[in-house]
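> Sharing a structure here in structure tokens format.
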Amino acid sequence: ISDQKPLGCWSVKHGQILTCPVVCNFETHEYIAVHDDKVLRIWKNEDINLDKAFKATLSADVYRIHSLPSAGPVVLFKGGGVRTLDVLLEAPQQEIENVISDEVIRWSGAFMEGQQPVLIFTTEKDGDFFVYVHKPKLNSLHKYKLEQQESSKPLCFTAHVTNQTVTLLCLYSNDSVYQVLIPLRQDTEEEEEAEEILSKSLLLNLSVSGNVLKGTSLVVLDKDHVAVLGSLAAPGKEPRECLTIWNTKFQTLQTSKELPLGTTGQLWCYEEKFFLTHGKVLTVIMYKCETSSLAAAVGKLKDSQTPDVSSFVNWNTLEDEELVVSFQSQESVALKSESRMNLRSRRNSVAKVQPETLSVGQLLLNLKDASTYVLEEELRKLMAKAPTPDLQATIGCVVTALTDRCKTNPKYYPRNFLLQIVETRDLSYSLCPDLMAVALEKKDVHLLQICLERFPDIPEEITYACLKAFLSISEAHLQSIDVNLDSVICYIDVEFDNKEVKTEIVENGFNAEMDQDMCDTKIPKETQSRSDGESCPVGPQKAALLNAVLHSAYTETFLLPHLKNLPAQQAILFLRYLYYLYVKCSEKVNTTLPGIRSPTINQIMDWMCLLLDAHFTVMVMLPEAKELLSNLHKFVRAQVRFYSELNKIEGSLRELQRLNHLRDSQTYSIEVLEII
Numbered sequence: 001i002s003d004q005k006p007l008g009c010w011s012v013k014h015g016q017i018l019t020c021p022v023v024c025n026f027e028t029h030e031y032i033a034v035h036d037d038k039v040l041r042i043w044k045n046e047d048i049n050l051d052k053a054f055k056a057t058l059s060a061d062v063y064r065i066h067s068l069p070s071a072g073p074v075v076l077f078k079g080g081g082v083r084t085l086d087v088l089l090e091a092p093q094q095e096i097e098n099v100i101s102d103e104v105i106r107w108s109g110a111f112m113e114g115q116q117p118v119l120i121f122t123t124e125k126d127g128d129f130f131v132y133v134h135k136p137k138l139n140s141l142h143k144y145k146l147e148q149q150e151s152s153k154p155l156c157f158t159a160h161v162t163n164q165t166v167t168l169l170c171l172y173s174n175d176s177v178y179q180v181l182i183p184l185r186q187d188t189e190e191e192e193e194a195e196e197i198l199s200k201s202l203l204l205n206l207s208v209s210g211n212v213l214k215g216t217s218l219v220v221l222d223k224d225h226v227a228v229l230g231s232l233a234a235p236g237k238e239p240r241e242c243l244t245i246w247n248t249k250f251q252t253l254q255t256s257k258e259l260p261l262g263t264t265g266q267l268w269c270y271e272e273k274f275f276l277t278h279g280k281v282l283t284v285i286m287y288k289c290e291t292s293s294l295a296a297a298v299g300k301l302k303d304s305q306t307p308d309v310s311s312f313v314n315w316n317t318l319e320d321e322e323l324v325v326s327f328q329s330q331e332s333v334a335l336k337s338e339s340r341m342n343l344r345s346r347r348n349s350v351a352k353v354q355p356e357t358l359s360v361g362q363l364l365l366n367l368k369d370a371s372t373y374v375l376e377e378e379l380r381k382l383m384a385k386a387p388t389p390d391l392q393a394t395i396g397c398v399v400t401a402l403t404d405r406c407k408t409n410p411k412y413y414p415r416n417f418l419l420q421i422v423e424t425r426d427l428s429y430s431l432c433p434d435l436m437a438v439a440l441e442k443k444d445v446h447l448l449q450i451c452l453e454r455f456p457d458i459p460e461e462i463t464y465a466c467l468k469a470f471l472s473i474s475e476a477h478l479q480s481i482d483v484n485l486d487s488v489i490c491y492i493d494v495e496f497d498n499k500e501v502k503t504e505i506v507e508n509g510f511n512a513e514m515d516q517d518m519c520d521t522k523i524p525k526e527t528q529s530r531s532d533g534e535s536c537p538v539g540p541q542k543a544a545l546l547n548a549v550l551h552s553a554y555t556e557t558f559l560l561p562h563l564k565n566l567p568a569q570q571a572i573l574f575l576r577y578l579y580y581l582y583v584k585c586s587e588k589v590n591t592t593l594p595g596i597r598s599p600t601i602n603q604i605m606d607w608m609c610l611l612l613d614a615h616f617t618v619m620v621m622l623p624e625a626k627e628l629l630s631n632l633h634k635f636v637r638a639q640v641r642f643y644s645e646l647n648k649i650e651g652s653l654r655e656l657q658r659l660n661h662l663r664d665s666q667t668y669s670i671e672v673l674e675i676i
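Following this line, the structure appears as structure tokens:
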């Protein structure tokens, strides 16, 4: 997630459908999937073809597979039957009992109570809702009926288990959250024949400033906090989707955030992170919950009490323009109503307050409107502190504060300060997502070069924007800019007028005269020298910038659509440079360019293929590209032929190597080896 890169992708055959979410078996580090309701698939990360993975056809339709970190996966069937995965794999065709008859499962969840897994699922039949509590290892099942609510019904469920009690939370259509307590029965207790009716109690009314929150998804954060994703309807206004966090102990809204790009109505929570789709992207938002207090719940917690934090949410993931980065939630709630009143007095005392007495969020907010000098001085002091577990996040907040100032004040751009931070700190794109956008706007190619070389998680859209910017800048302008030339200085020979010296190149297995007659396109000798890879088509500065792009990690699927928008002339220039690098690599026996952070042969080949995939039709039609494509075709064909010839004598070379090992080096001899 932090690198924003997919690590693996597996597909079922055409016509097959994945019918329940894929889970990970924490014990065996395997993935488990079900397609077409009954077909179970199990595979590991190194497996490439899903069709060749383990397959088992079951006797009943699967509703959901639940995996717990400290227990094996549990399979819930649509008929209410439950099996652990180990028991199921012993006999995949075993008969699965139908527990719920005509009922339909609406929700299920798995939890640990001590050493025992507990599976809870809710069902619906004719408007009535039922709750089942199942202990798979003990084969214990209890059924309950949920108390009916007039004129409203449950929309979604969530639960948690503590102290032998299941706390089931139900989000109803009347915009309220109800709580149901279910004691976990001991195994010695006899099961009652009559269904026990579960009573519920009102936990929350979802009302924000008099406006009703139409919730669509509910998750539990801890015993005192829940998160609700929904749509806030205000009179006379369009409904606005938002994510809200509530304190259930004091029935107060802790914090909220609008989601202007819209969501699918689904919200997930895992390891103190929210997962939701915002627009077309998956958004991950960090949060933290600790001991709740009334002061924190109403947003009145004093600064001196900040260690007793109630919760904090890093809304910066949503690229908010406000400076609410790594704030404690009681601060963000209080600041919404009090910032106008208190900010002026706080601003006057920025220099007097020691940074150690303030949290990062408070300090950055106080500095929001400070002078440029005060801002940079305080940020330098903040970074100079002793390393802490949150140092990296703190540096990210510092960069965000600087970029926010750049966006509000176009004349402000602390280039040297930003360069110093990026060069000396271990940052990533996700920690300061606006930095490269600001650098692109300012055309700061040196900062972009450093970011491309150091950031592991740059989105493909930004990589493409950098490539386009580098190709569009004139060579004359680049000569006056400070660019790191370490990646090119060892293989580009530069004269005093910055023109490359023409060098004699003998490629591995390539002979232009031998291959000229095999190419359909005849190329005049005077034009051939300009694009046969012997001279670099760009200057050293632009070459160094393009090398930084080649080093940036990417996913082909996401980069290709952007590359198709690259202007044809820039695409040809970039391909010429890639061809030049390819020829340079082929000069070396180990196909490795000298220098620091020089492109590898694999990076060069991958980008050539990408560029040709994106622009092949256009390049075929352009006369100026015909010569380049022809030379590239000849060179690659000569390389293939050369390595093909090497493969033919591979056996003889191995035999020669074996004989050299067997021969006594101290004995003089003359041997004639005939290679047939």
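Start counting the sequence shown at 1; every next residue gets the next number (full-length UniProt numbering). Heads up, the beta-carbon is just placed ideally off N, CA and C, and yes, glycines get one too. On a predicted model such as this, the values are computed, not experimentally measured, just so you know.
1. Helix, strand or coil for GLY396, going by three-state DSSP, please let me know.
2. With distances taken Cα to Cα, identify the nearest neighbour of GLY262 among LEU229, GLY236, LYS288.
3. Thinking C-beta only, is LEU146 closer than 9 Å to ILE197?
4. Quick one: what's GLY72 bridged to in DSSP?
5. CA-CA distance, SER59 and THR84?
6. Does residue 702 pass the burial test, meaning 16 or more other C-beta atoms within 10 Å, or should it be called exposed?
7. Does DSSP classify GLU271 as helix, strand or coil?
8. Rounded to a whole number of angstroms, what is the C-alpha to C-alpha distance between ARG380 and ASN409?
9. Mind checking who GLY265 pairs with in its DSSP beta bridge?
10. Kindly examine the ligand NAP and report whether one of its heavy atoms sits closer than 8 Å to the Cβ of HIS142.
11. Hey, would you say ALA71 sits closer than 9 Å to ILE120, going by beta carbons?
12. Counting C-beta neighbours from all protein chains within 10 Å, is the total for HIS14 16 or more, i.e. buried, or is it exposed?
13. Under 7 Å Cβ to Cβ from LYS648, same chain only, skipping five residues before and after it: list those, please.
14. Grouping DSSP H, G and I as helix and E and B as strand, with all else coil, what is TRP10?
15. For the candidate residues TYR643, LEU566, MET619, TYR554, whose alpha-carbon lies nearest to that of SER586?
16. Let me check understanding here. Comparing Cα to Cα, which of GLY127, TYR270, GLU241, GLY279 lies closest to LEU68?
17. Excluding sequence positions up to five away, which residues of its chain have a Cβ less than 8 Å from the Cβ of LEU622?
18. Drop a sphere of 10 angstroms on the beta-carbon of SER531, count the other beta-carbons inside from all chains shown, and report buried for 16 or more, exposed for fewer.
19. Can you tell me the Cβ-Cβ gap for TYR577 and LEU546, rounded? I've got them flagged as a contact below 8 Å.
20. With DSSP collapsed to three states, give me the class of VAL118.
21. Excluding the five sequence neighbours on either side, which residues of its own chain have a C-beta within less than 7 Å of the C-beta of GLN93, listed in chain order?
22. Measuring CA to CA, which of CYS170, MET619, TYR554, PRO561 is closest to PHE574?
23. Out of SER487, ALA544, LEU563, MET286, which has the shortest C-alpha to C-alpha gap to ARG597?
24. Suppose contacts are defined by Cβ-Cβ distances below 9 Å. Is HIS446 in contact with VAL398 by that definition?
25. Report the partner residues of PRO456 according to the DSSP bridge assignment.
26. Would you call LEU7 buried or exposed, if buried means 16 or more other Cβ atoms sit within 10 Å of its Cβ?
27. Since ALA571 is in the alpha helix (DSSP H), which residue starts that stretch and which ends it?
28. Any idea what DSSP makes of HIS278, helix, strand or coil?
29. With H, G and I counted as helix, E and B as strand and the rest as coil, what does DSSP make of ASP497?
30. Which same chain residues end up closer than 8 Å to HIS35 when comparing Cβ atoms and leaving out the 5 residues on each side of it in sequence?
31. How is the alpha helix (DSSP H) around residue 686 delimited, first residue to last?
32. How many Å lie between CYS156 and ASN205 at the Cα?
33. Starting from the Cα of GLY127, find the closest Cα among VAL22, VAL180, ASP102 and give me that residue.
34. Buried or exposed, going by whether 16 or more other CB atoms sit within 10 Å of the CB of PRO183?
35. Would you give the residue range spanned by the alpha helix (DSSP H) that ALA439 belongs to?
36. Cα separation between GLU105 and ASN98?
This is what the structure holds:
1. Note: GLY396 maps to helix in three-state DSSP.
2. LEU229
3. yes
4. Beta-bridge pairing links GLY72 to no other residue.
5. 15 Å
6. The shown model of the chain, from 1 to 676, leaves out residue 702, and the question about it has no answer.
7. coil
8. 20 Å
9. Partner(s): none; GLY265 has no beta bridge.
10. For the ligand NAP, the structure offers nothing, since it holds no ligand at all.
11. no
12. exposed
13. none
14. coil
15. TYR643
16. TYR270
17. Leaving aside the five residues that flank LEU622 on each side, the residues in its chain whose CB is nearer than 8 Å to its CB run, in chain order, ALA568, ILE572.
18. No answer about SER531 holds up, because its pLDDT of 40 lies below 50 and its placement is not dependable.
19. 6 Å
20. Looking at VAL118 - three-state DSSP - the assignment turns out to be strand.
21. Within the same chain, GLN93 has close Cβ partners SER59.
22. MET619
23. SER487
24. no
25. Paired residues: none, contrary to the question.
26. exposed
27. 568–587
28. Here HIS278 sits in strand by DSSP.
29. Note that ASP497 has pLDDT 41, beneath the 50 cutoff, so the model's placement of it is unreliable and the number below is only indicative. ASP497 falls in the coil class under three-state DSSP.
30. VAL12, GLN16, ILE17, LEU18, THR19, ARG41
31. Here the chain comprises residues numbered 1 to 676, so residue 686 is not present and cannot be evaluated.
32. The C-alpha of ASN205 is placed about 15 Å away from the C-alpha of CYS156.
33. Here the closest residue by C-alpha is ASP102.
34. exposed
35. 435–442
36. Here residue 105 turns out to be Ile, not Glu, going by the sequence shown. Rounded to whole angstroms, ILE105 to ASN98 spans 12 Å at the Cα level.
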